[in-house]
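Chemist: Attaching a single structure in structure tokens format; questions to follow.
2 protein chains.
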Amino acid sequence: MRISELAGSSGVPVATIKYYLREGILQPGESRGATQADYGDAHVRRLRLIRSLVDLAGLPIARIKTVLELIDHPGDDLFETLGTAIAALPPYAPERVEYPRAEAAVRRLGWTYDGGFAATAQLDAALAAVEDAGIPLTDARLDAYGSALHHLAEFDVGEMPAPSSDGAAAAIEYAVLGTALYEPVVVGLRRLAHQDVAARLLRG
Amino acid sequence: MRISELAGSSGVPVATIKYYLREGILQPGESRGATQADYGDAHVRRLRLIRSLVDLAGLPIARIKTVLELIDHPGDDLFETLGTAIAALPPYAPERVEYPRAEAAVRRLGWTYDGGFAATAQLDAALAAVEDAGIPLTDARLDAYGSALHHLAEFDVGEMPAPSSDGAAAAIEYAVLGTALYEPVVVGLRRLAHQDVAARLLRG
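Same order as they appear, the protein sequences are chains A and B. For what it's worth, full-length UniProt numbering labels the leading residue of the first sequence as 1, then goes sequentially. For what it's worth, full-length UniProt numbering labels the leading residue of the second sequence as 1, then goes sequentially.
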């Protein structure tokens with residue numbers, strides 16, 4: 001299809017598609033002479049992914065490049081690729097050498113600890129904030145949260161598309177969108193769960 | 001203590017304290033003549049709460065006023081007061097008449113449904129985003145997330161300070177800070193739980 005048809009079927013304006021082509025995040029169409037190119041289903045899928053990352057996850061173009069580069073060239077170690085892709089998502093916590101709060105929490109839960117995981121820095125910053133506010137994470141709360149969230153993570157990872165002959169693209173896309181777009185779902189459901197429990201307690 | 005001593009013991013600069021006094025979010029000190037006032041422990045506690053809401057939760061002054069007004073005058077219905085206080089926290093979803101996605105999810109889980117809860121609008125917007133991205137919330141995922149997050153909410157509400165002769169201030173403060181500051185903890189722990197499950201699956 002032509003670029004105008006690609007715009008029509010994806011809902012993304014031609015000027016925006018040209019911008020993505022210039023930025024190198026959308027693969028060029030097949031050339032049909034000097035001023036025309038032909039686009040296919042792969043372009044429609046890629047545009048949909050870019051729009052999700054831009055509009056829904058709020059990712060800047062540079063971060064989107066990182067994610068797409070990993071999808072196109074995932075390398076041999078899927079675990080490391082997934083970690084690098086998720087690290088492209090906000091929040092961007094300051095890198096430090098040690099994360100004592102996060103390390104203590106993760107070790108208590110018996111989970112894989114790695115100071116190089118971006119989420120380790122994020123968790124450490126979040127734990128410093130609750131400490132500053134006078135509501136530090138107690139062991140009892142950590143145990144309750146840890147077991148509930150591990151249960152949820154088992155479900156999420158169980159649903160991850162297996163790497164296939166097409167490569168790991170579907171798995172990486174699932175991990176990135178599932179992380180960025182499901183966090184607001186988790187937060188919203190947690191608030192509504194609080195309201196449900198509080199309603200039963202306070203209103204009987 | 002004098003305002004300079006209040007600044008010293010709270011770590012908040014005098015100019016900022018004066019700004020909070022002008023905005024009416026910090027109660028005035030007891031007058032000691034035309035140019036001096038005396039501040040006490042209640043001022044230290046209030047400043048600490050304001051700083052948590054400003055620095056850690058990122059709340060604008062107008063929203064902080066709402067929260068503090070509820071803490072000072074909680075009314076008779078604690079459930080309604082808590083809901084109004086939590087609604088002062090971001091994200092601020094657009095108000096609509098119907099929230100079909102959130103309503104279907106909450107009803108399936110058998111939780112209290114109320115279209116007036118701010119979190120209903122937030123959840124509906126989050127569910128629209130995952131739908132747009134092509135990874136809609138399935139019933140199986142909803143059931144897994146719902147049960148894990150309800151478990152977590154039972155813990156949270158169980159730790160809420162009971163309303164006492166001093167009023168409901170401690171309960172409201174706990175609910176507001178526990179919501180705003182523990183959401184990044186939940187998100188960080190979820191990402192690390194994903195990495196733990198993925199490490200076991202992919203690295204054995």
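Glycine included, every Cβ here is placed at the ideal spot set by N, Cα and C.
Just verifying my parser: in three-state terms, what is the DSSP assignment at A/A128?
Modeler: Helix, per DSSP.
Chemist: Expressed to the nearest angstrom, what Euclidean distance is found between the alpha-carbon atoms of B/L152 and A/I3?
Modeler: Distance between the alpha carbons of B/L152 and A/I3: 49 angstroms.
Chemist: Counting Cβ pairs, one atom from each stretch, are 3 or more of them under 8 angstroms apart for the region 83-93 of chain B and the region 41-48 of chain B?
Modeler: Short answer: they don't touch.
Chemist: Given 8 angstroms as the limit, is there contact between the region 98-112 of chain A and the region 111-126 of chain B, that is, 3 or more CB pairs closer than that?
Modeler: The region 98-112 of chain A, when compared against the region 111-126 of chain B, does not touch it at the 8 angstroms Cβ threshold.
Chemist: Does the beta-carbon distance from B/E131 to B/R101 come in below 9 angstroms?
Modeler: Contact: yes.
Chemist: What would DSSP say about A/D76, mapped onto helix, strand or coil?
Modeler: Of the three classes helix, strand and coil, the one that applies to A/D76 here is coil, per DSSP.
Chemist: Would you please verify whether the beta carbon of B/Y174 is less than 9 angstroms from any beta carbon of chain A?
Modeler: Answer yes: the Cβ-Cβ gap between B/Y174 and chain A drops below 9 angstroms somewhere.
Chemist: Between B/L142 and the rest of its own chain, which residues show a CB-CB distance below 8 angstroms, the 5 nearest in sequence each way excluded?
Modeler: Excluding sequence neighbours, B/L142 sits near A105, R108, L109.
Chemist: Going by DSSP, which residues form a beta bridge with A/S4?
Modeler: DSSP, once it has assigned bridges, lists no residue as partnering A/S4.
Chemist: Which residues bound the alpha helix (DSSP H) around A/Q195?
Modeler: Unbroken alpha helix (DSSP H) run through A/Q195: 169-203.
Chemist: Counting Cβ pairs closer than 8 angstroms, one from the region 54-67 of chain B and one from the region 170-181 of chain B, do we hit at least three?
Modeler: Flag = yes, the region 54-67 of chain B and the region 170-181 of chain B touch.
Chemist: For the pair the region 16-27 of chain B and the region 147-162 of chain B, tell me if three or more CB-CB distances fall below 8 angstroms.
Modeler: No: the two stretches stay apart, fewer than three of their Cβ pairs being nearer than 8 angstroms.
Chemist: Under 9 angstroms, Cβ to Cβ, is there at least one residue of chain A near B/Y182?
Modeler: So, interface residue.
Chemist: Leaving out the 5 sequence neighbours to the left and right, which residues in its chain are closer than 6 angstroms to A/L56 when beta-carbon positions are compared?
Modeler: Only L181 meet the Cβ criterion.
Chemist: Counting only C-beta atoms, is A/G167 closer than 9 angstroms to chain B at any point?
Modeler: Chain B contact via Cβ: absent.
Chemist: Does the beta carbon of A/A148 sit closer than 9 angstroms to a beta carbon anywhere in chain B?
Modeler: Answer yes: the Cβ-Cβ gap between A/A148 and chain B drops below 9 angstroms somewhere.
Chemist: By the DSSP assignment, the alpha helix (DSSP H) with B/L99 in it spans what residues?
Modeler: Correcting the residue identity first, residue 99 of chain B is Tyr in this sequence and not Leu. From DSSP, B/Y99 is part of no alpha helix (DSSP H); its letter is neither H nor E.
Chemist: Apart from the five residues on each side of it in sequence, which residues of its chain come closer than 6 angstroms, Cβ to Cβ, to residue 205 of chain A?
Modeler: With chain A running from 1 to 204 in the structure shown, residue 205 of chain A is simply not present.
Chemist: For residue 228 of chain B, which residues from the same chain have a beta carbon less than 7 angstroms from its beta carbon, with the 5 sequence-adjacent residues on both sides left out?
Modeler: Residue 228 of chain B lies beyond the range of chain B shown here (1 to 204); nothing can be said about it.
Chemist: Is DSSP giving A/D114 helix, strand or coil here?
Modeler: Note: A/D114 maps to coil in three-state DSSP.
Chemist: Mind reading off the beta-carbon distance from A/I135 to B/L177? Whole number of angstroms is fine, and I expect it under 8 angstroms.
Modeler: Right, the Cβ-Cβ distance comes to about 6 angstroms (below 8 angstroms), so this counts as a contact.
Chemist: Along the alpha helix (DSSP H) that carries A/L142, what are the first and last residues, could you check?
Modeler: 139-158 is the extent of the alpha helix (DSSP H) around A/L142.
Chemist: Indicate the three-state DSSP secondary structure (helix, strand or coil) for B/A88 in the structure shown.
Modeler: Coil, per DSSP.
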